[in-house]
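Number of protein chains: 4
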Amino acid sequence: MDLNADLGEGFGVWRLGDDEALLGIVTSANVACGFHAGDAPTMRRICEWAADRGVAVGAQVAYRDLAGFGRRRIEYDPSELRDEIIYQIAALDGFCRLQDEKVRYVKPHGALYHAATTDVRQASAVVAAVADYDRSLPVLCQPASALATCAAQSGLRVVGEGFADRAYQADGTLVPRGQPGALVSDVDAVVERAVRLALVGEVVAIDSSVVECPVESLCVHGDTPGAVDLAQRVRSALEMSGVRLAPFVPLR
Amino acid sequence: MDLNADLGEGFGVWRLGDDEALLGIVTSANVACGFHAGDAPTMRRICEWAADRGVAVGAQVAYRDLAGFGRRRIEYDPSELRDEIIYQIAALDGFCRLQDEKVRYVKPHGALYHAATTDVRQASAVVAAVADYDRSLPVLCQPASALATCAAQSGLRVVGEGFADRAYQADGTLVPRGQPGALVSDVDAVVERAVRLALVGEVVAIDSSVVECPVESLCVHGDTPGAVDLAQRVRSALEMSGVRLAPFVPLR
Amino acid sequence: MDLNADLGEGFGVWRLGDDEALLGIVTSANVACGFHAGDAPTMRRICEWAADRGVAVGAQVAYRDLAGFGRRRIEYDPSELRDEIIYQIAALDGFCRLQDEKVRYVKPHGALYHAATTDVRQASAVVAAVADYDRSLPVLCQPASALATCAAQSGLRVVGEGFADRAYQADGTLVPRGQPGALVSDVDAVVERAVRLALVGEVVAIDSSVVECPVESLCVHGDTPGAVDLAQRVRSALEMSGVRLAPFVPLR
Amino acid sequence: MDLNADLGEGFGVWRLGDDEALLGIVTSANVACGFHAGDAPTMRRICEWAADRGVAVGAQVAYRDLAGFGRRRIEYDPSELRDEIIYQIAALDGFCRLQDEKVRYVKPHGALYHAATTDVRQASAVVAAVADYDRSLPVLCQPASALATCAAQSGLRVVGEGFADRAYQADGTLVPRGQPGALVSDVDAVVERAVRLALVGEVVAIDSSVVECPVESLCVHGDTPGAVDLAQRVRSALEMSGVRLAPFVPLR
């Protein structure tokens, strides 16, 4: 099982989350590439730290929207979106190269992540970018999503991820943020759900039904108060349950 | 002898110069990487065209300054400048990769080009970026400059370039823009100077002295009225004088 | 009758259209405010020229999207959109103030213009911005639109505009760009439609029905080849038909 | 005596300092205007809070440099710098207007503040912007500086400010950051220096000489750990010493 988190999401003087602490916990780092957040010195530093610790680096690609942190949907021309994603993957790859490493996977950020769940045009743009740049790169995304389908159809490896701190609907999709119960805030519940997702590949949905949810990675968050502690507790519980934690791609 | 020009210097809806026409004339394309100009679809398109025509692609790296087109000096922290240059080279490399090609050289743009002529800190930042990213990449710059010295000391290949449409001082440096006579506007004079630079490696300075100026590349401009015609005339004159035109780096 | 055009839509070194020529033709200038295009020196210069020529200055407010020229829809939080519109109106007002003038009206640009035609949330954000900043400012928009309705309900003056070079549907809305016949390219037809809109307030729709279209302003475009000539022909034809051209707001 | 602090220096999702706490302490708020930091919703909110509390709002004008937080010097064309400053003042004025208030003064930020201390070209650009926009606005700056001289010569009101937490040289200028002893970190010493500056208008320089330093405002910082507590202690000490705290401009 893999643990992933969003990292490097500051910009210039502004910081968000505790990148260094999280790099001691996760096995995969979704690194911001400068479009919704992220600057060159931070990208370099995280790639150094990740290489030192055997953490896989993935490109957290996003809309060009620093002011909105990539969280508001933009109606891109698909070919422009594709090319902007290639630009971001390649820029991050440059800093991996300095560590004799490479970008290991691609994960869309924020509004692009959500758009690619249902919008085939935007999902296809993500897939086209990865296919153009490096067909061997897996796409990290929600299992039941347009992006997962589209990537699989194009022959890309799809890595499904689960969220222990988000409520699920009976069909395996997430309860949208803003709806009651969308977030699981009880720490013990989050930890328990993480272990069940990792060991059994299932989760209890908001209607109490048990949903199959086969995931290869669990996403932990880093930018909320207590986030690092929670991530550490999830990791410890997984290890104590006998779950072996490792990136979903073998590193050099 | 190589002919280079700045290309891809639009941004979004805005265009500058006739990229496609120039790609039929030059042997090396200094492609804007998104910091002073340049967007992902344009970078992709130029890399495609360049690969089709056997034109070498270089990274035209610049300060992060779209509003100033990279033409105003910025007092960067050197390590940040270095990392932003790596980011730009790598991003462009991603589009070269789509053509089974790679970035072939690095040339600083605008105010960074000028700063690196005399400022050792900024020159060193450019050199550090290239050395970190790919030590095999030549640096295209003015022969008598801090950047040329600094790159040579670090073991990088230095490719000197000449300007047929700029006046030189007796010490081999350019007459600064804004001073009388800084620009050579007579077309025949420009063509003649280009041929002499290419064949003999010398130029007549503004004080009428003859200056040695051993260059491997001549820079032609693309964003002024009549620029494409002038570039074509320079190319034709060079060919008729028996100068063989080719990139200064062998392509695959 | 008023003639309006988009002006000041360059950014830094990049130019778009012939601002000075258009300022000799139109009676109202929709000035870009820096979010989709427009820089401070250009805003200042256009406000000077406009004041000299008795042309009314309006704020052409837009999404924050230089890379997309404000042409791709963004799902803004409405209160953030409202505040960004206030920011833009106020910034332009600063340059009007230098001429003892003021912003005279507000017109949304590009994707915001289109969104506000049907999307009540975004239309309301535009209206809230104007109502907050200066309730006396008219909103220049399409007559049959969510924005027109919403602005009228809030007690703002609505100024309807017509497009002589766009095809209309029978219900008074425009044929969407991209559909066959959406653009009227025949110059004589454009001129004739302009005169009919101005004199009679009606237009022949794409299904040959005659549609009532009471407008106080006609929009001419400035960024296409031949645009200035066409605008001049429209103006001349209107004047020869006895239409008095003047801004829809009295200037000082 | 006035107490001023930099406020609103976040951008989008990123925050810096505790704006609300500082607004309960200071009498003047230097509000970021979107060029080095600051977004429209934050500008609006701070103007609301400031109006509620009788805090004067000043425009904290800066270079266009979000990535560098306005802290690196840029060689602007002076007329462009002037116009960009006007743009910023005017944009902030729009949010003051919503409170029936107005921008009350102008203070340059970061590298522009430092450049304007000695560089007459950039100092003149700041002065020209204020003179063009509203000659009644005071300039808040260092007493012994090119900007103070230049503003006074142009007939603008100059408001000198002091820094209780910075070391001074015998000539009344600050010890540059990075030199030993540049920062006064002992809280009691800072408080004592603030009181002496306010009551007597003098400060003990780094060479132990006593320097006259007639100031109308003291700058407190908000973005370092413990900053709010220190600002509160300075305020309390000033009040207990009988110093009346009020903006240096009368509000409506």
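Chains as they are written, first to last, in the working numbering: chain U, 1330 to 1581; chain H, 1330 to 1581; chain P, 1330 to 1581; chain E, 1330 to 1581.
Glycine is no exception: its CB is placed at the ideal position from the N, C-alpha and C atoms.
Keep in mind the model is a prediction, meaning the values are calculated, not measured.
Within the same chain, Cβ atoms closer than 7 Å to the Cβ of T1371/H are found at G1337, G1339, the five residues on either side in sequence being excluded. Of all residues in the region 1396-1422 of chain P, the ones placed with a Cβ closer than 7 Å to any Cβ belonging to chain E are S1408, E1409, D1412, E1413, I1415, Y1416, I1418, A1419, A1420, D1422, in chain order. In the three-state DSSP reduction, Q1389/H falls in the strand class (E or B). Less than 8 Å divides the Cβ of V1549/U from the Cβ of V1355/U. Assigned with DSSP and collapsed to three states, I1375/U falls in helix.
Rounded to the nearest angstrom, the gap between the Cα atoms of A1499/E and L1526/E is 15 Å. Rounded to whole angstroms, I1403/U and A1396/P show a C-alpha spacing of 12 Å. Only those residues of the region 1381-1393 of chain P whose C-beta falls short of 8 Å from the nearest C-beta of chain U are listed: R1393. In chain order, I1415, D1461, Y1462 make up the part of chain H whose C-beta sits under 9 Å from the C-beta of L1427/U.
Taking the CA atoms as reference points, D1347/E sits about 8 Å from V1557/E. If you compare the alpha carbons of W1343/H, G1367/H, G1341/H, V1342/H with that of D1335/H, the shortest gap goes to G1367/H. Excluding five sequence positions before and after G1439/H, the CB atoms of its chain that fall closer than 7 Å to its own CB belong to H1365, A1391, F1398, G1399, R1400, given in chain order.
For L1336/H, the closest Cβ of chain P is not nearer than 8 Å. Each residue's CA atom was taken as its position, placing D1494/U and D1422/E some 43 Å apart. Under the 8 Å Cβ criterion, the region 1371-1381 of chain H counts as touching the region 1415-1432 of chain H, having at least three qualifying pairs. Pairing V1432/H with L1466/H gives a Cβ-Cβ distance under 8 Å. Using a Cβ-Cβ cut-off of 7 Å, P1370/E is close to S1408, E1409, D1412 of chain P, given in chain order. For D1348/U, the uninterrupted alpha helix (DSSP H) run begins and ends at 1348-1352, by DSSP.
Closer than 8 Å at the C-beta level to chain H, one finds these residues of the region 1340-1365 of chain U: G1363. Inside the region 1384-1431 of chain P, DSSP marks whole beta strand (DSSP E) runs of 3 or more residues at positions 1385-1390, from first to last along the chain. Listed along the chain, the chain P residues whose CB falls inside 8 Å of the CB of R1373/E are D1412, I1415. Nearest to V1544/P by alpha-carbon distance, out of D1517/P, D1536/P, T1502/P, G1510/P, is T1502/P. Judged by DSSP secondary structure, V1533/P falls outside any alpha helix (DSSP H) and instead within the beta strand (DSSP E) spanning 1531-1533. The beta-bridge partner set that DSSP reports for E1541/U consists of E1531/U.
CA-CA distance, L1469/E to V1435/E, rounds to 6 Å. Only residues of its own chain outside the window of five on either side were considered, and among them A1334, L1336, G1551, V1557, A1560 have a CB closer than 7 Å to the CB of L1351/U, listed in chain order. If you look at E1338/P, you'll find it isn't in any beta strand (DSSP E); DSSP assigns it neither H nor E.
Here L1567/P carries a helix assignment [DSSP, helix/strand/coil].
Within a 10 Å sphere around the beta-carbon of L1528/P sit fewer than 16 other beta-carbons, which makes this residue exposed. Excluding the 5 residues flanking it on each side, A1452/H has same chain C-beta neighbours closer than 7 Å at A1445, A1475, L1476, C1479, in chain order. Closest in C-alpha terms to E1521/P, from the list L1580/P, A1420/P, R1562/P, D1381/P, comes R1562/P. In the DSSP secondary-structure assignment, C1479/P is not bridged to any residue. Not one beta carbon of chain E lies nearer than 8 Å to the beta carbon of F1577/P.
Taking 8 Å as the CB threshold, F1424/H lines the interface with chain U. Residue pairing of A1358/P in beta bridges, as defined by DSSP: A1334/P, V1386/P.
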